[in-house]
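S.K.:
Chains as they are written, first to last, in the numbering used here: chain S, 1 to 226; chain L, 227 to 452.
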C-alpha cells in the first residue's frame, strides 16, 4: 500500500471486477468505484455495478459516460456487429478498441483528483487472452505511463495498477470471491443481458462464467435465459 | 510513414494543434481530426476546431464528449477554480488530470477502427513544461502502451505518436505554420475566449501566444479583448 489507502476500483458489475473490489476492500483500501456507460448493450450491467458499489460501501461511485459509439468497431458498442455465440480464434469482435486504456485513463484522472496512488482492475489474461489490453505487459506499460503522466509521478510517487485476478482461472476467481463472501447473484457478466438482469447463457462471457462455477464446484446463482 | 498514410490528428482549434495538422498534411497523411468537448470553458475553441478541420479538408472530424466535469480538479473544467492571470511556479491549475492520456486513448481507439498507425499531437514541452503529460518521456511511454494495447500492435505493427512541435518555442511553431500558409486568425488558444472568439489577452495561453507572435516577427491576427 502507498502512503495513503485510497484506491480507484474499476467496477463493471461483472464477476471479475466485483471480486477485485472485494480483494481491494479486504486489503484495507478505501475504495472509489468507477464504472462506464459506454453504450454497451447490457444496461443491466450498470444496475449491477450500482448494487455492487453499494454492497461494498465504496466512498463514492461514479458512472462516466463514454462516447464510444462514434468511434465504433466493436460488437459491444456497434449494433451492426453481432455478438457471436461460439468461440472464434484471435481477437474477438466483442473487443472494444482501446477500452482498458480509456478505462484506466479515467481512473488515473480520478486518482489524481482524490490523490489515490492505487488503481484496481479485474483484468484476466487466462480467459481473455484474445484481448490485447488484458495482458500483463499492457498493464506494466500503463503503470509506467501513469507515473509519468501525473503530478504525483512528477513529485516521485509511483502509481500502482493492481491486477489481483490476472493469472487466475475463472474458477479460481470464483473461489477467491466465495472465500471473501462475495454474493455473485448481484453481478451480471453477460454481453447481452436483458433489462431484468437475465443472462443469455450463450455468449462467450456467459460460457466462461457457467464453466467457472462448474469448475469451482460452487452453485451458480446466475439467472440464465437458456 | 507506416504501411498506410492515415493519421489521427488531435485538433483543439488552438495554434499548436493547427500547426501539427498542417505538418501532418504536408507530410502526405490522410488526416482524421479528433476534438474533445470536455467542459472546457471556451466553446469558441470547438468552433475553431471545426473551422480548422474544414480548412484542411480532413477525411473526417469527430468531436467526442468527455465527461470530465464529474472528475473535476482543474480550472478548465471546474467553475469553482479560477483561471489565473499570472504565471505560477509548478504545475498550473489549468492542468486537467490525465488529459493527454485520455485524448491519446481516444485517438488510439479511433486509429484501431480506421486502421491508422499514426497519431499526431501538438504537445510542446517548452512553453508547457509544467504539464507532466506534455513531456517527451510521457509520449514515449504512451507509444509503447499503444503498441501493446492494440490489435495492430499484437500483429506486429507499431503505433507512432508524432509530436512535431515538442521541442519548438511558440515563435518557432508560428514560423513553421506561416511557412505552411497556416491562417492563425481561424484558431483560438485562450482558456476563456468569449462566444465570439475574442481572447481574454491575460491568461497563460494568451500570453504565450502574444509573445510568440512578437518573437516570431509575425503580425498577430488574434482578436484580444485587452
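Cβ atoms here follow ideal geometry from the backbone N, Cα and C, with glycine treated the same way.
Are there 16 or more other CB atoms within 10 angstroms of the CB of residue 284/L, so buried, or fewer, so exposed?
M.R.: Residue 284/L comes out buried.
S.K.: Tell me, which residues are paired with residue 287/L by DSSP?
M.R.: DSSP, once it has assigned bridges, lists 259/L as partnering residue 287/L.
S.K.: Within 9 Å (strictly less), CB to CB, does residue 221/S reach chain L?
M.R.: Taking Cβ atoms only, chain L never reaches closer than 9 Å to residue 221/S, which makes this a no.
S.K.: Where does the unbroken beta strand (DSSP E) through residue 234/L begin, and where does it stop?
M.R.: It spans 232–236 - the beta strand (DSSP E) in which residue 234/L sits, taken as one unbroken run.
S.K.: Report the option in 50/S, 206/S, 174/S and 37/S whose CA atom is closest to the CA atom of residue 122/S.
M.R.: Minimum Cα distance to residue 122/S is reached at 174/S.
S.K.: Going along chain A, which residues have a C-beta under 7 Å from residue 331/L?
M.R.: As a matter of chain content, chain A is missing from the structure shown, whose protein chains are S and L.
S.K.: Output yes if chain L places a C-beta closer than 9 Å to the C-beta of residue 1/S; else output no.
M.R.: Note that residue 1/S has pLDDT 48, beneath the 50 cutoff, so the model's placement of it is unreliable and the number below is only indicative. With 9 Å as the cut-off, residue 1/S does not count as an interface residue toward chain L.
S.K.: For residue 341/L, which residues in the same chain have their Cβ closer than 8 Å to its Cβ, ignoring the five residues on either side in sequence?
M.R.: If we look at residue 341/L and ignore the five residues flanking it on each side, its Cβ neighbours are 230, 232 and 378.
S.K.: Got a sec, what are the start and stop residues for the alpha helix (DSSP H) residue 434/L sits in?
M.R.: Taken as a continuous stretch (DSSP letters only), the alpha helix (DSSP H) holding residue 434/L covers 430–442.
S.K.: Compile a chain-ordered list of the residues in the stretch 366–399 of chain L whose CB is closer than 7 Å to at least one CB of chain S.
M.R.: The stretch 366–399 of chain L vs chain S, Cβ under 7 Å: 367, 368, 370, 371, 374, 375, 376, 377, 379 and 380.
S.K.: Using three-state DSSP, classify residue 22/S as helix, strand or coil.
M.R.: Here residue 22/S sits in helix by DSSP.
S.K.: Which residues in the same chain have their Cβ closer than 6 Å to the Cβ of residue 64/S, if we skip the five residues on either side of it in sequence?
M.R.: Cβ within range, chain order: 36 and 106.
S.K.: Is it true that the CB of residue 335/L sits closer than 9 Å to the CB of residue 136/S?
M.R.: No; because the gap between Cβ atoms is not below 9 Å, this pair is not in contact.
S.K.: Using only alpha-carbon positions, find the residue among 203/S, 204/S and 168/S that is nearest to residue 20/S.
M.R.: Residue 168/S is the option with its Cα nearest to residue 20/S.
S.K.: Tell me whether the stretch 237–244 of chain L and the stretch 202–220 of chain S touch, counting them as touching only if at least three CB pairs, one residue from each stretch, are closer than 8 Å.
M.R.: No, because fewer than three Cβ pairs between the stretch 237–244 of chain L and the stretch 202–220 of chain S fall closer than 8 Å, the two stretches do not touch.
S.K.: Does DSSP put residue 133/S in a helix, a strand or coil?
M.R.: In this structure, residue 133/S counts as helix in the three-state DSSP scheme.
S.K.: Rounded C-beta distance between residue 221/S and residue 184/S? I'm assuming under 8 Å.
M.R.: Indeed they touch by this definition, with Cβ atoms about 5 Å apart.
S.K.: Can you give me the Cβ contacts of residue 250/L inside the same chain, cut-off strictly under 6 Å, excluding the 5 residues immediately before and after it?
M.R.: Same-chain partners within the cutoff: 233, 235, 257 and 346.
S.K.: Tell me, please, whether the CB atom of residue 113/S is closer than 9 Å to any CB atom in chain L?
M.R.: It does: the Cβ of residue 113/S has a partner Cβ on chain L nearer than 9 Å.
S.K.: At a CB-CB cut-off below 8 Å, which residues of chain S make contact with residue 334/L?
M.R.: Residues of chain S passing the Cβ test: 97, 98 and 101.
S.K.: Hey, would you say residue 435/L sits closer than 9 Å to residue 141/S, going by beta carbons?
M.R.: Against a cut-off of 9 Å, the Cβ pair of residue 141/S and residue 435/L comes out as no contact.
S.K.: Going along chain S, which residues have a C-beta under 7 Å from residue 363/L?
M.R.: Those within 7 Å of residue 363/L in chain S are 148.
S.K.: Chain L partners of residue 62/S, CB-CB under 8 Å?
M.R.: Here the neighbours are 296 and 297.
S.K.: State the Cα-Cα distance for the pair residue 132/S and residue 416/L, rounded to the nearest angstrom.
M.R.: Answer to the nearest angstrom: the Cα atoms are 39 Å apart.
S.K.: With DSSP run on the structure shown, which of helix, strand or coil describes residue 16/S?
M.R.: Correct three-state label for residue 16/S: helix.
S.K.: Is it true that the CB of residue 392/L sits closer than 9 Å to the CB of residue 432/L?
M.R.: Not in contact: residue 432/L and residue 392/L (Cβ atoms no closer than 9 Å).
S.K.: Helix, strand or coil, according to DSSP, for residue 166/S in the structure here?
M.R.: Coil, per DSSP.
S.K.: With a cut-off of 9 Å, does the C-beta of residue 292/L fall near any C-beta of chain S?
M.R.: Residue 292/L counts as touching chain S.
S.K.: Can you give me the C-alpha to C-alpha distance between residue 364/L and residue 373/L, rounded to a whole angstrom?
M.R.: Cα to Cα, the separation comes out at about 14 Å.
S.K.: I want to verify the contact list: residues of chain L whose CB lies under 7 Å from the CB of residue 133/S, in sequence order.
M.R.: Within chain L, the residues near residue 133/S are 375.
S.K.: Is it buried or exposed for residue 413/L, if we count other Cβ within 10 angstroms and need 16 for buried?
M.R.: Flag for residue 413/L reads buried.
S.K.: Using CA coordinates, which residue listed in 273/L, 288/L and 422/L is at the minimum distance from residue 72/S?
M.R.: Checking every option, the nearest Cα to that of residue 72/S belongs to 288/L.
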